[in-house]
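Numbering (our numbering), first residue to last: -6 to 870.
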């Protein structure tokens, strides 16, 4: 019997994408099947419906366009179900498209399995990245189509519970089952509605037999504009509440202890949760916008869901990656114990010591006893860390720093623990055994001996001839090597006498990729002038003015990610940077190093005093030593339970940059200053993600269309600011954040404002500034030390601290701790600027000067020396 398919396509503001879907419909291979197209215009304010109507007319396809008031995608699909006439129904999204054999293969699968009571066909989801035009087979559920999985295979979910279906757009459902059991999309729900529809349908269906359609490819579009429904979670309450309250909890309430939730449905829930929890470790996605009460509500909902998940299912789930930490949290939320083994880890960190950590449930850690050869060992330091997921306080991590002793053992409440090196490991005994017995990975077929000799020989030739790396013919050939052979070439190069001597125990110091003039540069200055015994080098991207400036000063420069840099990283003992971006903390993948372990220690010099909670960011980095400048900042990290960093890896030294600022300021008496410096920071939510490693991010919308651009332009254009500058012969200088330079095309600034688009000597500029106006930038610490008066303009205070930037609110309060008045309106900000400039404000200067002295006690000119001493004492002794 010829199958008929109803294709229901909801339309809402996708006119620019719809032609791609329609074109893919036109390219369909003909076969023994029929199609009905139902386009449901969900009150869209573009011409999507007209495009669909014209296509139906021109193509001769069977179908209709239905128009309705805007009610959401679920309501549109439900309206489509009412109009459908086919045996099977599918719901592709209007911004996606399908392969040429999409429906032909579906019909073929039904014909070849006509004797089976099949209830669902699952298409093969591929990703289409609009920005690059690239199609990739990287969907987490692609295992359903691997190897022998073809159109001929029927899978029973009861026996293969990992073959879950979480999308309705890429699936075919039997219309008779939907109508008989009144299966519908949950209207108004804007998260997980697909997975809930498919799950509700499968629970109602007579069987759980499905067919994966390997050759029916569904292309899911990743929009370049990042404006799809999946990207709007911050403004969507269903993301944290609705999906549970209206979806999963009612669904699992059908089951009882005697009739547990089917394993495939547990896997659907775990699949969904596997994307939710990691967001809490990513500041761009973290739920910082939720109130304390809302976070408690999320935890209660997660408890209700996790109680329905069985212990073995949580432990053995492998469809997507779930970290052991999150598995432990789900067990805890579900009132289930942690596994007997795997909850303790060892991680060698600083030479002369190593770190032991374990997870525990409840408020109080168990009684600990650490022994070496039967003798109790006193820890160097300990710390209990809160796992920062929606403010939960049920699961904690205990961190113990120990001397580097042999045969370390740990018992908790008298029970000996299994120690696992690296990360926590949760898995069944069977899974662990399989993992242990798996053949060692060799990286593919070994290179023939002649190739290995040739690679080593090339390295030797480069070194013994002292040919500049990157210029010689041999080096060019070496640079053309790829993968394993290239990495081996770099390692061999590092072992030759020339480079072993050149970069032995090197300190590779840097600031930004394309800029210096920060703590890195000033630490390098100190080391090369006062400690010539240290083999120091400065790393920077070549081909910018900073390179030429530092070269003229005699800096020993290494071009970032050049062959010289790759070789130096093999021999270095220290990498120190004022930035914590991936490019600095992990300049090359770990597999570049022997045994995939970097030989150097990473020192984060910071580029500003920490005001907010950055634990989510710091904890993801491999920091061996962190330097701080403020007592409060130091305590917030060492004593704050959010950070993994312990007291022996955080040091209060002051910043080398602050020493330079104080020295510069001494040469510019305050009474002679005439600059009004305007220096706001950036906003993370204004920018699109990086297009590539090391690339500069671009604005989502034109500068003047953003609240940020509008408010700061109102400030700069304010007539009272122009009048203040004119009356006092002052100069208004606008210093855009580096991320905004080149991102504000077409902006015309007032005549009384000088805009600095380059990288100036910021310290000299601050030392000549009478007033500095900023918002949240840590530049105000430097400006205050330079004796410039501070005014804060924070028009978006609540938004900024709840998701607009890379911050989570921490110990710092601008009103209580700040070095100047806090304003939220443009008129007030300009008025306070005038008071600060003329010195007529009651709080100038005494009140704020006392705060500055208490907050930044180490500005004696010896910060670089203290940092150098701490590196040698804590990392290299």
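We put the beta carbon where it would ideally sit given N, CA and C, even for glycine. Since we're looking at a predicted model, the values are computed, not measured.
Per DSSP, the beta-bridge partners of residue 395 are 347. Looking at the DSSP output, residue 528 shares a beta bridge with no other residue. Close CB contacts of residue 848 within its chain, under the 6 Å cut and outside five residues either way in sequence, are with 623 (chain order). For the pair residue 56 and residue 39, the Cα-to-Cα distance works out to about 21 Å. Note: residue 118 is bridge-paired with 211 in the DSSP secondary-structure output. Excluding the 5 residues flanking it on each side, residue 815 has same chain C-beta neighbours closer than 7 Å at 785, 787, 807 and 808, in chain order.
Counting only runs of at least 4 residues, the segment 755 to 841 fully encloses the following alpha helix (DSSP H) elements, listed from N- to C-terminal order: 755 to 760, 772 to 778, 807 to 810 and 819 to 831. Between the segment 632 to 647 and the segment 542 to 558 there are fewer than three C-beta pairs closer than 8 Å, too few to call the two in contact. In terms of Cα proximity to residue 800, the closest of 59, 675 and 395 is 675. Closest in alpha carbon position to residue 98, among 537, 128, 392 and 146, is 146. Contact between the segment 206 to 218 and the segment 83 to 92 is present: three or more C-beta pairs spanning the two stretches fall below 8 Å. For residue 65, no beta strand (DSSP E) encloses it, and the DSSP letter there is neither H nor E. Straight-line spacing of the CA atoms in residue 763 and residue 812 works out to 14 Å. For residue 840, the number of other beta carbons within 10 angstroms of its own is below 16, and it is reported as exposed.
For residue 865, the number of other beta carbons within 10 angstroms of its own is below 16, and it is reported as exposed. Scanning 253, 241, 96 and 84 for the CA closest to the CA of residue 151 turns up 253.
For residue 563, no beta strand (DSSP E) run applies; the uninterrupted alpha helix (DSSP H) run containing it begins and ends at 556 to 564, by DSSP.
The C-beta distance from residue 519 to residue 561 rounds to 20 Å, too long to meet the 8 Å contact threshold. Less than 8 Å divides the Cβ of residue 159 from the Cβ of residue 188. Rounded to the nearest whole angstrom, the CA to CA distance from residue 256 to residue 351 is 29 Å. Shown here for residue 325: same chain residues with a beta carbon closer than 6 Å to its own, the five before and five after excluded, namely 354, 387 and 388 in chain order. Restricting attention to 745, 105 and 331, the CA atom closest to the CA of residue 721 is found in 745.
Per DSSP, the unbroken beta strand (DSSP E) holding residue -3 starts and ends at -3 to 4. Counted as a single uninterrupted DSSP element, the beta strand (DSSP E) harbouring residue 500 occupies residues 500 to 503.
Residue 552 is bridged by DSSP to 533. Counting of Cβ neighbours within 10 angstroms places residue 825 among the buried residues, the total reaching 16 or more. Listed as beta-bridge partners of residue 619 by DSSP are 597 and 643. A check of alpha carbon separations from residue 830 across 748, 855, 22 and 780 identifies 780 as the nearest. For residue 747, there is no enclosing alpha helix (DSSP H); the enclosing beta strand (DSSP E) covers residues 746 to 748.
Taken atom to atom, the span from the alpha-carbon of residue 537 to that of residue 627 is near 35 Å.
With contacts defined by Cβ atoms closer than 8 Å, residue 715 and residue 673 do not form a contacting pair. Nearest C-alpha to residue 294 among 247, 15 and 236: 236. Per DSSP, reduced to three states, the secondary structure at residue 216 is coil, with no helix or strand assignment. The bridge partners DSSP lists for residue 56 are 30. In this chain, the beta strand (DSSP E) harbouring residue 570 covers 567 to 570.
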